[in-house]
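Since the structure comes first, as structure tokens, the remarks are kept for the end.
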Amino acid sequence: TLRKVFVHCCIERNMFLLEIENAYTGVVQMKDDLPVSKENGHGYGCRSMRFIAEKRNGFCIFKASDGIFTLRIVLPMSETNTKHEKR
566 TLRKVFVHCC
576 IERNMFLLEI
586 ENAYTGVVQM
596 KDDLPVSKEN
606 GHGYGCRSMR
616 FIAEKRNGFC
626 IFKASDGIFT
636 LRIVLPMSET
646 NTKHEKR
């Protein structure tokens, strides 16, 4: 079976937009707007992407509908919009 992953990215209004779509079968369970993995040691990537996006004053959205899993990340292009961490 041929599998396809669609990737779209662009810059619009000084924002970097990335959207990735991937077909899936079965059920994708979501908790706190994140996909839940049933396997031990899995599921950290989505949380990491959300953390990085929010740290850069952006956001990410995960959606599973009609057999298509979608990840959408939006990040401001300006480095001055980066949240600074206390070390």
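Numbering (our numbering), first residue to last: 566 to 652. Note that CB positions come from ideal geometry on N, CA and C, so glycine has one too. Please read these numbers as outputs of a predicted model, since none were measured by experiment.
Item	Value
Any chance the CB of residue 593 is under 7 angstroms from a heavy atom of the ligand SAM?	In terms of ligand content, the structure shown is empty, and the ligand SAM therefore cannot be addressed.
Measuring CA to CA, which of 577, 578, 575, 584 is closest to residue 633?	584
What separation, rounded to the nearest whole angstrom, lies between the Cα atoms of residue 580 and residue 642?	5 angstroms
Under a three-way DSSP split, which group does residue 642 fall into?	coil
Compute the Euclidean distance between the alpha carbons of residue 558 and residue 625, then round it to the nearest angstrom.	A query on residue 558 cannot be resolved here, the shown segment of the chain reaching from 566 to 652 and no further.
Considering Cα atoms alone, identify which of 631, 640, 611, 582 is closest to residue 597.	611
For residue 602, which of helix, strand or coil comes out of DSSP?	coil
Report the three-state DSSP secondary structure of residue 637 (helix, strand or coil).	strand
When you compare only the Cα positions, how much space is there between residue 628 and residue 587?	11 angstroms
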